[in-house]
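Following: one structure in structure tokens, then a few remarks.
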Amino acid sequence: MIPKYESLGLLLHDAQRAMRRAFDARMGALGLSSAQWRLLLHALREGGPTQSRLADLLEIEPISVSRLIDRMEAQGWVERQADPHDRRVRLVKPSARALALRDDLRRMAEEIYAEALVGISADEKQNLMQCLRTITRNLAGAGFAPPGCGELGNDD
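Sequential numbering of the sequence shown, starting at 1, is according to UniProt numbering.
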């Protein structure tokens with residue numbers, strides 16, 4: 001039974017903050033903040049989303065995503081390319097460096113997830129993932145899920 005004073009929203013928020021801090025600590029060794037890591041993840045998964053799409057996915061203003069991309073481009077993580085179908089649109093592609101480190105980045109993320117899930121059985125993990133998917137679907141159905149929510153797959 002959940003104590004009255006515990007709030008689902010606060011627990012989810014606290015878990016997300018702790019996860020973000022773990023990512024910042026680990027990915028910081030590569031010069032990546034959690035925001036940069038999330039942008040890179042979307043660029044790797046989508047192969048070249050537009051800056052506008054990234055702003056939606058990251059829930060930040062287009063000018064902020066542009067500055068984030070500027071820093072990542074200077075660090076050699078991404079490259080901007082003109083969209084072959086609309087030259088006004090810029091695609092954000094993972095760089096050769098990012099592609100070469102893809103497996104290392106994935107391994108680092110998996111280590112963080114494993115650390116977060118210490119003490120949770122395989123069945124509990126499956127239940128947790130299913131519950132989070134259900135919450136996301138419920139809120140998406142009510143129009144509250146942000147763009148891209150639930151699009152990253154059902155990796156357990």
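A virtual CB, placed ideally from N, CA and C, is assigned to each residue, including glycine.
- By the CB criterion at 8 Å, R80 and I69 fall inside the cutoff.
- Straight through space, the alpha carbons of R38 and V78 are spaced by roughly 12 Å.
- P62 sits in a helix when the DSSP states are folded into three classes.
- Taking 8 Å as the cut-off, the Cβ atoms of L54 and V92 count as close.
- When DSSP reads this structure, L91 sits in a beta bridge with T50 and Q81.
- Straight across, the Cα-Cα distance linking A109 with M129 is about 16 Å.
- Beta-bridge annotation (DSSP): D86 is paired with D83.
- Buried is the label assigned to V65, since at least 16 other Cβ atoms lie within 10 Å of its Cβ.
- Secondary structure note for G31: it is in no alpha helix (DSSP H), with a DSSP letter that is neither H nor E.
- Approximately 7 Å separates the beta-carbon atoms of A22 and E115; this is inside 8 Å, confirming the contact.
- The Cβ atoms of I112 and R17 lie no closer than 8 Å to each other.
- Residue nearest to P84 within the set P49, G143 and E61 is P49 (criterion: CA-CA distance).
- Of the candidates F144, L30, A142 and T134, L30 places its Cα closest to the Cα of R102.
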